[in-house]
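For the protein sequence lines, the chains are P and A, in the order given.
For the first sequence, position 188 (counting from the first letter as 1) is numbered 188 according to our numbering, and the numbering increases by one without interruption.
When you read off a place in the second sequence, starting at 1, and then add 1000, the result is the number in our numbering.
Where is the CB? At the ideal position from N, CA and C, for every residue including glycine.
Since this is a predicted model, take the numbers as computed values, not measurements.
2 protein chains.
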Amino acid sequence: MIFKLEATDGRARTGSIHTTKGTIDTPVFMPVGTQASVKSLDPKDLTALNAQIILGNTYHLYLRPGVELIKDFGGLGKFMGWDGPILTDSGGFQGFSLGRLMKTDQDGIEFKSHLDGSSHLFTPEKVIDYQESLGSDIVMPLDWCVELPNDLDTLKMAVKRTTSWAERSLNVKSNDQYALFGIVQGGTEKTLRELSAKQITKLDFDGYSIGGLSVGETKSKMYDIASFTAQLLPENKPRYLMGVGSPEDLFESVAVGIDMFDCVLPTRVARNGSLFTSNGRINIVGKRFRAMNRPIEAECDCYTCMNFTASYLSHLFRAKELLGYRLASIHNLRFITNLMTNMRNSIQIGEFKDYKKRFLNEYRPTNESIRIDQKQKWLDIKNENFGK
Amino acid sequence: MIFKLEATDGRARTGSIHTTKGTIDTPVFMPVGTQASVKSLDPKDLTALNAQIILGNTYHLYLRPGVELIKDFGGLGKFMGWDGPILTDSGGFQGFSLGRLMKTDQDGIEFKSHLDGSSHLFTPEKVIDYQESLGSDIVMPLDWCVELPNDLDTLKMAVKRTTSWAERSLNVKSNDQYALFGIVQGGTEKTLRELSAKQITKLDFDGYSIGGLSVGETKSKMYDIASFTAQLLPENKPRYLMGVGSPEDLFESVAVGIDMFDCVLPTRVARNGSLFTSNGRINIVGKRFRAMNRPIEAECDCYTCMNFTASYLSHLFRAKELLGYRLASIHNLRFITNLMTNMRNSIQIGEFKDYKKRFLNEYRPTNESIRIDQKQKWLDIKNENFGK
């Protein structure tokens, strides 16, 4: 993997990541394909919406269909029919997010499967091996992610363990077919972020991730720590802010020099009928869309907006027709990939700040109470149907 | 609408139906798009699998989003982005199949909405008006469909009322933009079928439907009555066997000179993971598919088989990924449209009987107990989530 820094505008920057499976223009948003599928979309859909790289979740794929099966099929890309680059996570975050962490010690993380309750020990070494089996192009080492806020001792331990696991991960990397990123932890403690960044950037990783954010802290705290951490990372390597992806978060993070993002938000909220527009998210089952004889977003060039009215989409959601989930997911992801293209263009001509201001002036971020509602909806579904 | 009879082979026949929205080669299978969507598929999918005409359900569309809204949008095709021909049913069958019939008398059928319990009287006149609003290309008059077996008096009444409603429907047809078909009832009583066919074919319809079959009778009885009724219908008009669509049923019915078919079976069983192959239906979550590194059906040219292994499809169903439902639906519908193409070709060269024999020799129809299981599964889902 080669990273080329191309243009800067303030701290914002554009670049390109060259992999054996294609070039990725940064800043980039990576759609999430947890279980070998970006939910409801096929590979043609992903290409059409200009997804340059997608993300797979090692924990889920390890449990089902199994990394050995995927290896036998020539890797995750071959298995799911996607021929572009793939980034895989380490599974560490799932132990945290699924609440399936049984125990963690210096050796690794022991999970309880969300499918059958069986136990699985993920060590740094195993996790590299799993991702090599998946044929990942950008691999994450096992890290220890803790929720926020948290006590200083826990945050310190997370940094210490993450560094030790990073070293062990580098030691077992068996070939140069893929890139391996280091992950910075440290919660909301700047001294710990500084310590973690120092330790991790001393190691020769191909890129650097900012982990342990978007896990319970406020938005302003998240922006502050992302900004603080980004400037501790080397200029000449890609910077990846893990798990972040609302439009406003993307702008704030690109502004401080972050290059890569992933988030389930665009597809998850799409399946709830929540769609991005330049004015903010709308709820497609709302009364005002029932007879609206134009696309959700007049300027949008996605398959959904080019072919269907808001009224039709509203009908599909009211009637709980499967097609609705796909059309909404296509729109939301295309909205985000268009946003990233526009950001890159504006950086290249030195007008990122103006573009950001203009966008955020029109875009009303989803307020905290709706966000919590949506999150609760998702948690309810998750509890019914664990791990989907 | 113009129908041209082209070739015959025994009683089997090919032809073409010319509508303002395109030509339909017969015998033809029409995918069902109950609620303005062939479940999980988009219009591009339908074109790719060579759907020449699709079916919409007046009852469902009347209730949601409403026929007036669809009329305002320029018709069902415009509303859902499908530019080919559309056949709509009259709603009569839904009163029967959804068990939502409140009462029926000579005036019409009164329904209780599956959405909110409200009452709706469907008269022959209203039903023509609704379908004109939907912009249907082939319209069905209101008929009275009764379950089988049934007593002679009920069957007689169904014939009488269906004829009277047919006359009233013809009287209110306001223009020649669409075709109107007559429907033959009469259950499994040949004398009644004869009577109904005589009465209906005396009226100047553009085509003739065989209704009241596949509603509880055995397969052999269904074949017998379809065969008996088909030869009572004029040669120069299309014959439509309503609600029939398993591979073996299609062969038997084409063999006796039927031209048009519709059925939810291919898409409904697809969503249960049941997929057509030349040897019969398979259950994709079965153990033998877990690691199968080839398509479900090696010879199939559908998007699913051209791009994905049985293993991947099996994984999607195990993981309950939405993409699985769409890929399975594409495959099953393409299997059927390919079957119809092959039947047409074999009729044209006088080899229909050979082709039928060859196909049925390899194809093991789903046995009665599995069929009943599948039906029960569907009824369970329907009772939970009525009308979907």
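Check, Outcome
"Residue range of the alpha helix (DSSP H) that includes residue 1060 (chain A)", "1058 to 1063"
"Backbone secondary structure at residue 1265 (chain A) - three-state DSSP", "helix"
"CB contact flag (residue 285 (chain P), residue 326 (chain P), <7 Å)", "no"
"Complete runs of the alpha helix (DSSP H) confined to the region 1134 to 1184 of chain A [at least 4 residues]", "1152 to 1172"
"Whole runs of the beta strand (DSSP E) within the region 1215 to 1262 of chain A, excluding any shorter than 3 residues", "1239 to 1241 and 1260 to 1262"
"C-beta neighbour in chain A for residue 307 (chain P), strict 7 Å", "yes"
"Under 7 Å (Cβ pairs) to chain P, residues found in the region 1052 to 1071 of chain A", "1064, 1065 and 1069"
"Sheet register partners of residue 1325 (chain A) (DSSP bridge)", "Paired residues: none, contrary to the question."
"Beta-carbon proximity of residue 150 (chain P) to residue 187 (chain P), cut-off 7 Å", "yes"
"Residue 1205 (chain A) versus residue 1170 (chain A) - alpha carbon distance", "8 Å"
"Test item: CB-CB of residue 1174 (chain A) and residue 1184 (chain A) under 7 Å", "no"
"For residue 119 (chain P) and residue 112 (chain P), believed in contact at Cβ under 8 Å, the rounded distance", "6 Å"
"Residue 259 (chain P) vs residue 55 (chain P) beta-carbon contact at 7 Å", "no"
"Beta-carbon proximity check, residue 1172 (chain A) vs residue 1214 (chain A), cutoff 7 Å", "no"
"Whole-angstrom C-beta distance between residue 209 (chain P) and residue 242 (chain P), which should lie under 8 Å", "5 Å"
"Three-state class that DSSP yields for residue 1001 (chain A) in the structure shown", "coil"
"Assigned exposure category for residue 234 (chain P) - 16 Cβ within 10 Å defines buried", "exposed"
"First and last residue of the uninterrupted beta strand (DSSP E) at residue 1012 (chain A)", "1012 to 1019"
"Residue from A:1198, A:1212 and A:1321 with nearest C-alpha to residue 1096 (chain A)", "A:1212"
"Run of the beta strand (DSSP E) containing residue 1283 (chain A), from where it starts to where it stops", "1280 to 1283"
"DSSP-derived helix/strand/coil call for residue 7 (chain P)", "strand"
"Chain A contact for residue 265 (chain P) (CB, 7 Å cutoff)", "no"
"CB contact check: residue 1035 (chain A) to chain P, cutoff 7 Å", "yes"
"Rounded distance between the beta-carbons of residue 165 (chain P) and residue 143 (chain P), thought under 8 Å", "6 Å"
"Sequence-distant residues of its chain with Cβ nearer than 6 Å to residue 1227 (chain A) (five each side left out)", "1256"
"Span separating the alpha-carbon of residue 13 (chain P) from that of residue 346 (chain P)", "10 Å"
"Per DSSP, cross-strand counterpart(s) of residue 22 (chain P)", "P:19"
"Endpoints, the beta strand (DSSP E) within which residue 1121 (chain A) is located", "1119 to 1122"
"Neighbourhood of residue 1282 (chain A) by C-beta distance below 6 Å, restricted to the same chain and skipping five residues each side", "1275"
"Inter-residue spacing [alpha-carbon to alpha-carbon] between residue 1216 (chain A) and residue 1072 (chain A)", "39 Å"
"Cutoff 6 Å; reference residue 1304 (chain A); Cβ partners in own chain excluding five residues on either side", "1327, 1330 and 1331"
"C-beta neighbour in chain C for residue 315 (chain P), strict 7 Å", "In the displayed structure, chain C is absent; the protein chains listed are P and A."
"Sub-7 Å separation of residue 333 (chain P) and residue 324 (chain P) beta-carbons", "no"
"According to DSSP, residues forming a beta bridge with residue 208 (chain P)", "P:182 and P:239"
"Short CB-CB distance (under 7 Å) between residue 1312 (chain A) and chain P", "yes"
"7 Å CB neighbourhood of residue 49 (chain P) in its chain, flanking five on each side removed", "302, 330, 333, 334 and 337"
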